[in-house]
């Protein structure tokens, strides 16, 4: 018989209440793609601090990203990390231009300059689009 090989899904896509696209990697290779191929330097990049997890990007489109959208994306970053079961998780928020590949690191391994941290409760309320 023939084996059906399912196509790997692409990154998760959400839309914030203000209409910003939020893109989330599902694994290290997608994290690499989301951060370095999809995101532009002015997009915002988020990641659970000190925990394995998804790279999350808010597509800013050159607009100022609202605190509500940052909060929502941070909750998603916390949810799609090893901190999912925690009461609260610290999430790094920084412009994508401050993120660079870690020298000699595996795919998705990065170094971040000048981040700020928001503390959120992990959650993914909104349906994925």
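In the numbering used here, the protein residues as written are 1064 to 1192.
For each residue, glycine too, the CB sits at the ideal point set by N, CA and C.
Just so you know, the alpha carbons of residue 1104 and residue 1159 end up roughly 5 Å apart. The C-beta separation of residue 1109 from residue 1146 comes to about 13 Å, leaving the pair out of contact by the 8 Å criterion. DSSP, read as helix, strand or coil, puts residue 1089 in coil. Taken through DSSP and simplified to helix, strand or coil, residue 1111 comes out as strand. When DSSP reads this structure, residue 1077 sits in a beta bridge with 1085.
Annotation: residue 1103 is outside any alpha helix (DSSP H) and is labelled neither H nor E by DSSP. Ranked by how close their Cα comes to the Cα of residue 1118, the residues 1107, 1126, 1149 and 1176 have 1107 in first place. Of the other Cβ atoms in all chains shown, 16 or more fall within 10 Å of the Cβ of residue 1096; this residue is therefore buried. Beta-bridge analysis with DSSP links residue 1159 to no other residue.
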